[in-house]
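Structure record follows, encoded as structure tokens.
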Amino acid sequence: MEDLVWLDSIPSELRRPILIAAFAGWNDAAEAASLAVDFLRRKLNARVIAEIDPEEYYDFTSIRPQIVLGNSMNRKIRWPRTSISIARLDYADRDLIFVKGPEPQLRWKRFSSMLFELAEDFEVEMMVSLGALLADYPHTRPVRVAATSNHAELIEKQGLIPSGYEGPTGILGVLTAWFEKGGIPGASLWANIPHYVTQTPSPKGARALIERLMELLEFRIDTLELDLATAEYDRQISSMIDNDDEAKAYIAQLEASRDLEQTEDDVIDPNFEQQVESGSIESLTEEVQNFLRNHKKD
């Protein structure tokens, strides 16, 4: 694990730890998974114990480092980073290990092997990956979360759904398969994000992921902040759409379609990248996204 940079003391003993991973980029529509992990880390007072040296895993022409100014106006470089942090759930007799960063572009096998070795050292019981995908799904309905696993015990005891997906995948799919091959069971939670609202972070998607995660791991935290942010998120989208008859008709069409399909078997495979026609809804997508960008709170 030579690429790990330790920033704090290594915990001597963790209690039934669960590793929770989220990566920005291909796996994270509207940043719902990243927002969920950020919220959890803050609410649970997680402390960062290590970072992964980005040199071997990122193409800096694709995900560029940032220049920041310190208090004395001295210039510093902020590199893309994957952080590893730990939070204790005292009331649940369990610890959580969070892995969060941009999806790496390079050396996925080495990256996965390093995280698996870390998980083995910490005696991780399970890995849970958080992601979000674009779907033909209306913003007026609760965000649906697909919860999948290929581990028989998790499927039976937690009500997760086996995934039969074959095709292109992201780092989350690789990590989950790597952990499962090494004997650490994995579960995947994927939020369905409306395809016409993608360029602003989705507190609604984050809220849905956290709710399903709390059910899976049997713990609770206060989500009032996300509830309020979700209400404002919905209000802004609805305010824009209410002024456009074509948009309202399209949303009504999505609502009718989804309401008809609300059955136990109606699950979108979390690895399927939804293909959306750009013709009739292109202007709607652009208008809604521009509206949300212009009205984002500081």
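Going by our numbering, the first residue of the sequence shown is number 108, and it counts up by one from there.
Don't be surprised by glycine CBs; every beta carbon is placed ideally from N, CA and C.
Item, Value
"Starting from residue 316 and walking both ways along the alpha helix (DSSP H), at which residues does that stretch end?", "310-324"
"On a Cα-Cα basis, can you pick out the residue from 351, 126, 123 and 193 that is closest to residue 157?", "193"
"Measuring alpha carbon to alpha carbon, tell me which residue in 238, 293 and 240 is nearest residue 283.", "293"
"Would residue 166 be called buried (16 or more neighbouring beta carbons within 10 Å of its own) or exposed?", "exposed"
"How about residue 190 and residue 235: do their beta carbons lie closer than 7 Å?", "no"
"Have a look at residue 289 and residue 223 and give me their C-alpha separation to the nearest angstrom.", "8 Å"
"Keeping to the same chain, check which residues put their C-beta closer than 7 Å to that of residue 215; ignore five residues upstream and five downstream.", "278 and 281"
"So, with DSSP's three-state summary, where would you put residue 344?", "helix"
"If we ignore side chains and look at the alpha-carbon of each, how far apart do residue 295 and residue 218 end up?", "19 Å"
"Would you mind sorting residue 347 into buried or exposed? The rule is 16 or more other CB atoms within 10 Å of its CB.", "buried"
"If you measure between the beta carbons of residue 185 and residue 173, is that distance less than 7 Å?", "yes"
"Alpha carbon to alpha carbon, how far is residue 175 from residue 238?", "29 Å"
"Since residue 285 is in the alpha helix (DSSP H), which residue starts that stretch and which ends it?", "278-288"
"Would the stretch 240-247 and the stretch 266-277 be scored as touching if the rule is three or more Cβ pairs under 8 Å?", "no"
"Quick one: what's got a C-beta closer than 8 Å to residue 325's C-beta in the same chain, skipping five residues either side?", "199"
"Can you tell me whether residue 372 is buried or exposed? The criterion is at least 16 other CB atoms within 10 Å of its CB, across all chains shown.", "Residue placement at residue 372 is poorly supported in this model, since its pLDDT is 42, which falls under 50; the coordinates are not used for a value here."
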